[in-house]
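Protein chains in written order, with full-length UniProt numbering: chain A, 1 to 402; chain B, 1 to 402; chain C, 1 to 402; chain D, 1 to 402.
Where is the CB? At the ideal position from N, CA and C, for every residue including glycine.
On a predicted model such as this, the values are computed, not experimentally measured, just so you know.
Protein chains: 4
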Amino acid sequence: MLKLDFHPSGRHFLQIPGPSPVPDRILRAMSLPTIDHRGPEFGALGLEVLRKVREVFKTQQSVVIYPASGTGAWEAALVNTLSPGDRVLMFETGHFATLWEKMARRLGLEPEFLGLPGYEGWRNGVQADMIERRLKEDSGHTIKAVCVVHNETSTGVTSDIAAVRRAIDAARHPALLLVDTISGLACADYQHDGWGVDVTISGSQKGLMLPPGISFNAVSDKAVEASRRAQLPKSFWAWDEILEMNKSGYWPYTPNTNLLYGLNEALDMLLDEGLEQVFARHQRWAAGVRTAVECWGLEVQCQDPSVYSPVLTGVVMPEGIDADAVRSLIYKRFDLSLGTGLGKAKGKMFRIGHLGDCNDLTLIATLGGCEAGLKLSGAKLQGSGVLAALDYFAAHPLATAS
Amino acid sequence: MLKLDFHPSGRHFLQIPGPSPVPDRILRAMSLPTIDHRGPEFGALGLEVLRKVREVFKTQQSVVIYPASGTGAWEAALVNTLSPGDRVLMFETGHFATLWEKMARRLGLEPEFLGLPGYEGWRNGVQADMIERRLKEDSGHTIKAVCVVHNETSTGVTSDIAAVRRAIDAARHPALLLVDTISGLACADYQHDGWGVDVTISGSQKGLMLPPGISFNAVSDKAVEASRRAQLPKSFWAWDEILEMNKSGYWPYTPNTNLLYGLNEALDMLLDEGLEQVFARHQRWAAGVRTAVECWGLEVQCQDPSVYSPVLTGVVMPEGIDADAVRSLIYKRFDLSLGTGLGKAKGKMFRIGHLGDCNDLTLIATLGGCEAGLKLSGAKLQGSGVLAALDYFAAHPLATAS
Amino acid sequence: MLKLDFHPSGRHFLQIPGPSPVPDRILRAMSLPTIDHRGPEFGALGLEVLRKVREVFKTQQSVVIYPASGTGAWEAALVNTLSPGDRVLMFETGHFATLWEKMARRLGLEPEFLGLPGYEGWRNGVQADMIERRLKEDSGHTIKAVCVVHNETSTGVTSDIAAVRRAIDAARHPALLLVDTISGLACADYQHDGWGVDVTISGSQKGLMLPPGISFNAVSDKAVEASRRAQLPKSFWAWDEILEMNKSGYWPYTPNTNLLYGLNEALDMLLDEGLEQVFARHQRWAAGVRTAVECWGLEVQCQDPSVYSPVLTGVVMPEGIDADAVRSLIYKRFDLSLGTGLGKAKGKMFRIGHLGDCNDLTLIATLGGCEAGLKLSGAKLQGSGVLAALDYFAAHPLATAS
Amino acid sequence: MLKLDFHPSGRHFLQIPGPSPVPDRILRAMSLPTIDHRGPEFGALGLEVLRKVREVFKTQQSVVIYPASGTGAWEAALVNTLSPGDRVLMFETGHFATLWEKMARRLGLEPEFLGLPGYEGWRNGVQADMIERRLKEDSGHTIKAVCVVHNETSTGVTSDIAAVRRAIDAARHPALLLVDTISGLACADYQHDGWGVDVTISGSQKGLMLPPGISFNAVSDKAVEASRRAQLPKSFWAWDEILEMNKSGYWPYTPNTNLLYGLNEALDMLLDEGLEQVFARHQRWAAGVRTAVECWGLEVQCQDPSVYSPVLTGVVMPEGIDADAVRSLIYKRFDLSLGTGLGKAKGKMFRIGHLGDCNDLTLIATLGGCEAGLKLSGAKLQGSGVLAALDYFAAHPLATAS
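Following this line, the structure appears as structure tokens:
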């Protein structure tokens, strides 16, 4: 029989950029008895969760909740709004943008993949001017959607979605705007309505601090309108029946009850703290972690300070050091999980998640493990990052909302 | 703030035919800290779960686990094996067969829906001879798949899948056999390999005693072969990448970690008890519940004793009694949830689930609530079903495997 | 390794008169991380719990909480108020009264044990007139305390404490009144101040629905005054330091933190429901259970209807039936635990608890198990008690406070 | 309604020297449903726990488990073995030795309190030679017991109990040896039989990693013999009935069921890891923490390196810095609880616990919080202790038992 408790003493430090550490409070909520998904209690739960989740997306329009993980919500966004052969404009910000592009191709769409030359796209955000240029060229409006990743989890870059919106508007182009903020939501500011996004894709296991298994499509009325004509086959992901049933707090098929308990608890936690306070908390952590990286004399993966991610930080390895070997050593010696370099970044960098159920000392522990692991791996560090971060946190107390 | 504890005193009796009551042991396993889905611990968990789940499907072939609810696994079975416009032969056993047919149509397939005339199909099992006849007519082999429901959750009928296999073989027809045993698995005997099934669809929230959120496709080599040529768009549901990654215990996208903890625990519970013992337990409960229904002088929804379901029992209302009014009264007065009549059966019957974390006295309580509720609703009962069931359970102790 | 999950399927029915079934909500509260018992959070918790617990004892005076089980609170009541060789008047209502008398003797007191002749005391309540008579004889006031059990857990008798108070007053006797309501509190009405009780002893594992491990002394100012002169050695149990520290929400030694979390949750549940509603709930259950016993043609252990316990019911066995053999059979066949006959009642009766996390159907299940077990044991029953109770519950819905 | 979740984000760091952080695995075990304390399952649990707990005390004699916190076990040791007016020899190692002495006096014993002059006793261990000298003087054997604290929680000193045993033997004195290892057990090596201890007192909330609420008396046959003649009143604490009932796995009164579940789990964890490995783990942590303190240029409270505690480290404040002000600042800014200076040490030092559910990075986080807090409080530190400890842990991997 497999033992699920893997570590002899102490809590594992899960500092990957999601799934994030789940607060005990949420784990406890998830352990409530499962209820009848067609009973009156469930309707009350459904309406409550659907109401509160809109606040987190900053939308007055609808949010569809799927009993499926985030990748499914990518598929949902595409199959609800598009037809076979439709051209979509995507932007290569990193590994997840690349996977989404691959999915679009696999589903029979015609993605066009913009990006900076070479490896540059993986160290910068979405270039709204390139999108604007391309849309202006598309005078026949063959491009049906623009797809971008808000917080690129593979690199630690949080792109400027408002700028993408302005680019589309400037081009007077009717394309839908589809945005993946799976790892950005509830860590970094996000405005579904304010930024005129048509479909926002998100998931449970990042800023919402839940285990994986729930995902989202926040949808604009324009997107709903498009879904009525879209021709890609859809059934499980189809918005129409879900939106209809959601009016009374139910779903057309069995929802993920216990994760909805967790979602309800997570929403209470976030809204009680206040979203702006939540964002400030993550910005401060990110600044502390970058201070450490700089003090080590290493580079942050993201080269553009205006799009540093508040959710995670990519740490570029010095010459001759394999990031995965460092990660493995840190895992074994210090019971700390870090994010691997994905795709083009494999071996070049590792990623520190600073989201979910964290606090200053969790990050000090994390940076301590990184520093010791880098040194044990032979990296020459210029200074002590953990000390620099400690000084940063000490000097910058988190202002609390009055 | 919504209170998730809805009942002032005592445990709610959740006797719907799924989601079933989740054992505390599983809820506790699910509350373990989420781990890195790319770390070494996860690989060990993945391999263990994939190995044990095969035993429950009685297969040596592959089982695909989706981080999505059961309806998704229906879609997965169709989009992996079929192409737009493909003809599929389905059999109307009840509401869920009907929903699956609707899904097939929505996805662009051409379902042909066999069934007994009138309401008869909803009170009997799959008629293998009708399938055999239809397949023999299809000399051009335009039918690509036969789709049947093993345990029809809306009626309480457990069809004979081996007979369907024999029908296909007798017709010497190459169609794939796709079987939904979402509510049958781990309650009623099921043999993926022994019955020559190509895709078996199942879910977590019934016999596996988990909350909803995980679903399955057990796949034959023939089905995998078919998936290489099938043309329906697929990405999230595509078997190929999952089967490839599963070799090392991982998934191509974020799996449902905490539900996998629960699945691991559920599999240990089932395999430790022994599957045949588990089946015998459910058969005995079902017999006790039917004894009660007969003693009341009411009809069981299933009219063919050879296909009585061990998972649930549909109770047909006497003239003039609305099943949903009875259910609502029972819910309010006795804190007991029963399954509603679905589709064509709406108002005509209710369903008693006897699966999941139950025992004899749970069912006595359930039958007590039903009996009192029926009487309060004005039904004239011939005798006391709860007493009849109590006598049945007393007279028929469960034989334990030596 | 011992497996703590003893039952293969379904929840065990724990219908002993305590420890009572613990609501999941309380078990979850108890699983919060342990905190610093000298930190600011603990002080807030301590003050909150001390405030709310007073409401349950219906007192404005002090309640001392011990990190020890109920038997310890018996000892605490004696050693705080009495001196070696002190005479105390106790009343034999059953096994627990007898154990308390034995404890008093062991601690060096001189208990005088009043009671009805023969076995009668075990089937009736405290006889206040006998106490009054004895106190009037004690013109020298050598008796320092009167000790009675409010709800005698071994028999199912809830004595009239107000009558005992009146008896003491009528005798114009200065003796302290010490009352054990370990199993009565939060099930049956209890008024520490209203009835002029000097020390009320209670525990966590009955009406408070907690696991065992916390116990109480509610103390009158007169009792506190007496404790300053009492000469029995005391340290752990001494009120003085606890009362002093409690002013700021702390304890002089390490309190039982996680059980205090559970106590806080239990108090919220009870006070939110309303104590009078809680009492009505238990009275109704007790009436239903007695209806069943009468219908079987068996006797209730308590012979005086004015002191029937709302907490538990003792069921007297017919001639020739050994209660413990019946209990053992019911345990094995129906996964139901009943209370054994204790002391003089051994083998003659068993006890059904109707307290803690119960509802109507829990009790129907319990009575079903009893009925089947009695019949399997050869008892001739006059009628079906489970049906009678079901009818009773159906005919008597619980009135809810407006 | 009081919210028991006090911290908005992340886990509180509970680094006081007990109650120690409780592993999730134990909290989960404690959330199992409460069972009948007189039923067959309980007997199996009782026997299992009593068997395994002996291994942790390294005894073949009996261990008495109380449903009460540790202070109660102190009282139990005294009242079981001694008579009013008995002379006992105690040694002042710190605050807890002082409290025990106060208890002995309060219970009517005649404690004689040995100690080094001035504050020295609070910075050193038990001086066995002083005990030997005193016992030799006591030719009339008026001293009935020697009482010492093994691990003094208020100072971080782990005295040499074997030396005390040798001292008693050298004096050929019949006094009983009573040892408090409440905070030492399961962190530091302890040998009840090997060191000839008569009563060992311990508790649940330190090395056993449980919440408070259970405590222990490991008793020698000589102590049991003494208890038959001892005259202090005893009932709740009396060994005789408990030892008798324990033979079949039960207790004479309601035991602390859910904490016994936790104890069973804790014992499995400790024995699976191996006690010597557990001790080595704590020694290594203590060495790392002392390295930090030395690097800061501060003093460790314990002045004798041969008795450094593996459980906790007292950190002496520099001139002009109030330890409690530092602790309070660290608590507010870094969500970290440290132990206060107790009694004579108040304000002079704080205590870092390195026990319970910890690992290297937990301690790095803790030392980080201490370092930042000391600096924010104006302390001039010579170097970075957190870096020194990190280097220590990196350079000294924990050897694992083959």
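### Distance, Ala77 (chain D) Cα to Glu371 (chain A) Cα
For the purposes of this step, residue 371 (chain A) is taken as residue 371 along the first sequence, with counting starting at 1. For the purposes of this step, residue 77 (chain D) is taken as residue 77 along the fourth sequence, with counting starting at 1. Spanning the two alpha carbons is a distance of roughly 49 Å.
### Query
Is there contact between the segment 8 to 19 of chain A and the segment 354 to 368 of chain A, where contact requires at least three CB pairs shorter than 8 Å?
yes
### Message
Quick check on DSSP: helix, strand or coil for Val22 (chain A)?
### Response
As a first step, residue 22 (chain A) is located in the first sequence; it is residue number 22 there, counting from the start. It is coil, neither helix nor strand.
### Query
With 8 Å set as the bound, which would you pick, yes or no: does the beta-carbon of Phe96 (chain B) sit closer than that to a beta-carbon of chain C?
Position 96 of the second sequence, counted from the first residue, corresponds to residue 96 (chain B). Chain C contact via Cβ: absent.
### Task
Closer than 6 Å by C-beta to Gln59 (chain A): which residues in its own chain qualify, once you throw out the five before and the five after it? Chain order, please.
As a working mapping, residue 59 (chain A) is identified with position 59 in the first sequence. Sequence check: residue 59 (chain A) is Thr here, not Gln. His192, Asp193, Ala218.
### Message
What are the residues in the segment 19 to 50 of chain B lying within 8 Å of chain D by C-beta distance?
### Response
Asp24, Arg28, Ser31, Leu32, Pro33
### Task
Determine the burial state of Gly314 (chain C): buried for a count of at least 16 other Cβ atoms within 10 Å of its Cβ, exposed for fewer.
Locating residue 314 (chain C) in the third sequence gives position 314, where the first residue counts as 1. Flag for Gly314 (chain C) reads buried.
### Query
Do the CB positions of Asp198 (chain C) and Leu178 (chain C) come within less than 8 Å of each other?
The count along the third sequence starts at 1 and reaches residue 198 (chain C) at position 198. The count along the third sequence starts at 1 and reaches residue 178 (chain C) at position 178. Yes, these two residues count as a Cβ contact at 8 Å.
### Exposure label - Gln127 (chain D); buried when at least 16 CB within 10 Å
In the fourth sequence, residue 127 (chain D) corresponds to position 127, counting from 1. Under this definition Gln127 (chain D) is a buried residue.
### Message
Just checking: is the beta-carbon of Thr142 (chain A) within a distance shorter than 8 Å of some beta-carbon in chain B?
### Response
To locate residue 142 (chain A), count along the first sequence from 1; it is residue 142. Chain B, which has no Cβ nearer than 8 Å to the Cβ of Thr142 (chain A), makes this no.
### Message
From the DSSP secondary-structure annotation, give me the bridge partner or partners of Phe216 (chain A).
### Response
The sequence position of residue 216 (chain A) within the first sequence is 216, counting from 1. Phe216 (chain A) is bridged to A:Ile65, A:Ser202.
### Query
Nearest to Phe113 (chain D) by CA position, among D:Leu99, D:Asn256, D:His37, is which residue?
Within the fourth sequence, the letter at position 113 stands for residue 113 (chain D). Of the listed residues, the one whose Cα sits closest to Phe113 (chain D) is D:Leu99.
### Query
Given that a residue counts as buried once 16 or more other Cβ atoms are within 10 Å of its Cβ, and exposed if not, what is Lys52 (chain B)?
Along the second sequence, one-based indexing puts residue 52 (chain B) at 52. With 16 or more other Cβ atoms within 10 Å, it is buried.
### Message
Using only the alpha-carbon positions, how far apart do Ile201 (chain A) and Tyr66 (chain A) sit?
### Response
Position 201 of the first sequence holds residue 201 (chain A). Position 66 of the first sequence holds residue 66 (chain A). Rounded to whole angstroms, Ile201 (chain A) to Tyr66 (chain A) spans 11 Å at the Cα level.
### Query
Are the segment 85 to 105 of chain D and the segment 271 to 282 of chain C in contact at 8 Å, needing three or more beta carbon pairs?
no
#### Entry: Beta-carbon gap between Ala44 (chain C) and Gly249 (chain C) smaller than 8 Å
Numbered from its first residue, the third sequence carries residue 44 (chain C) at position 44. Numbered from its first residue, the third sequence carries residue 249 (chain C) at position 249. Result yes, Cβ atoms of Ala44 (chain C) and Gly249 (chain C) sit closer than 8 Å.
### Query
Short check: CB of Asn80 (chain A) to CB of Ser227 (chain A), under 8 Å?
For this step, residue 80 (chain A) is matched to residue 80 along the first sequence. For this step, residue 227 (chain A) is matched to residue 227 along the first sequence. Yes, the pair counts as a contact, with Cβ atoms nearer than the cut-off.
### Message
I need the straight-line Cα distance from Ile143 (chain B) to Asp221 (chain B), nearest angstrom please.
### Response
For the purposes of this step, residue 143 (chain B) is taken as residue 143 along the second sequence, with counting starting at 1. For the purposes of this step, residue 221 (chain B) is taken as residue 221 along the second sequence, with counting starting at 1. Their Cα atoms are separated by approximately 19 Å.
### Task
May I ask you to verify whether the segment 310 to 327 of chain B touches the segment 284 to 295 of chain B, counting CB pairs closer than 8 Å and requiring at least 3?
yes
### Message
Count Cβ pairs between the segment 29 to 44 of chain C and the segment 163 to 175 of chain C that sit closer than 8 Å; are there 3 or more?
### Response
no
### Query
Is it right to say Pro21 (chain B) is buried, meaning 16 or more other beta carbons lie within 10 angstroms of its own, or is it exposed?
On the second sequence, residue 21 (chain B) is found 21 positions in, with the first residue counted as 1. So Pro21 (chain B) ends up on the buried side.
### Message
Counting beta carbon pairs with one atom in the segment 144 to 162 of chain D and one in the segment 380 to 389 of chain C, are three or more of them shorter than 8 Å?
### Response
no
### Task
Name, going along the chain, the residues of the segment 210 to 242 of chain A whose beta-carbon falls closer than 7 Å to a beta-carbon of chain B.
Pro211, Pro212, Gly213, Leu232, Pro233, Ser235, Phe236
### Contacts that Phe13 (chain A) makes with chain D (C-beta to C-beta distance below 8 Å)
Counting from 1 along the first sequence, the entry for residue 13 (chain A) is found at position 13. The contacting residues are Leu361.
### Query
Quick one: what's Met90 (chain B) bridged to in DSSP?
To locate residue 90 (chain B), count along the second sequence from 1; it is residue 90. The partner list for Met90 (chain B) (beta bridge, DSSP) reads B:Phe113, B:Cys147.
### Task
May I ask you to list, following chain order, the residues of the segment 315 to 349 of chain A that have a beta carbon less than 8 Å from some beta carbon of chain D?
Arg333, Phe334, Asp335, Leu336
### Query
Going by beta carbon distance, what residues of the same chain come within less than 8 Å of Gly156 (chain C), once the five residues before and after it are set aside?
Along the third sequence, one-based indexing puts residue 156 (chain C) at 156. If we look at Gly156 (chain C) and ignore the five residues flanking it on each side, its Cβ neighbours are Pro17, Val300, Gln301, Cys302, Tyr308, Ser309, Val311, Leu312, Thr313, Gly314, Arg351.
### Message
Counting only Cβ pairs nearer than 8 Å, list the residues of chain A close to Glu371 (chain D).
### Response
Here residue 371 (chain D) is taken as the residue at index 371 of the fourth sequence, counted from 1. The contacting residues are Leu390.
### Query
If you run the structure through DSSP and keep just helix, strand and coil, what is Met209 (chain B)?
Reading the second sequence from its first residue, position 209 is the one you call residue 209 (chain B). Looking at Met209 (chain B) - three-state DSSP - the assignment turns out to be coil, as it is neither helix nor strand.
### Message
Judging by CA-CA distance, which residue of D:Gly207, D:Glu152, D:Ser377, D:Leu367 is the nearest neighbour of Leu387 (chain A)?
### Response
By 1-based counting over the first sequence, the position of residue 387 (chain A) is 387. If we check each option's Cα against that of Leu387 (chain A), D:Leu367 comes out closest.
#### Entry: Length of the line joining the Cα atoms of Ser204 (chain D) and Ala365 (chain A)
In the fourth sequence, residue 204 (chain D) corresponds to position 204, counting from 1. In the first sequence, residue 365 (chain A) corresponds to position 365, counting from 1. About 28 Å.
### Task
Starting from the beta carbon of Asn258 (chain A), find every residue of chain B whose beta carbon is closer than 7 Å, and list them in chain order.
Position 258 of the first sequence holds residue 258 (chain A). Result: Pro211.
### Message
Using a 10 Å radius around the Cβ and a threshold of 16 neighbouring Cβ atoms, would you call Lys234 (chain D) buried or exposed?
### Response
Mapped onto the fourth sequence, residue 234 (chain D) falls at position 234. With 16 or more Cβ atoms within 10 Å of its Cβ, Lys234 (chain D) is classed as buried.
### Message
Please state the DSSP three-state secondary structure of Thr254 (chain A).
### Response
In the first sequence, residue 254 (chain A) corresponds to position 254, counting from 1. Residue state, collapsed to three classes: coil.
#### Entry: Cα-Cα separation, Ala167 (chain A) to Lys136 (chain A)
Position 167 of the first sequence, counted from the first residue, corresponds to residue 167 (chain A). Position 136 of the first sequence, counted from the first residue, corresponds to residue 136 (chain A). For Ala167 (chain A) and Lys136 (chain A), the distance between alpha carbons rounds to 9 Å.
### Query
Does DSSP put Ser235 (chain C) in a helix, in a strand, or in coil?
The residue labelled residue 235 (chain C) in the question sits at position 235 within the third sequence. Ser235 (chain C) falls in the coil class under three-state DSSP.
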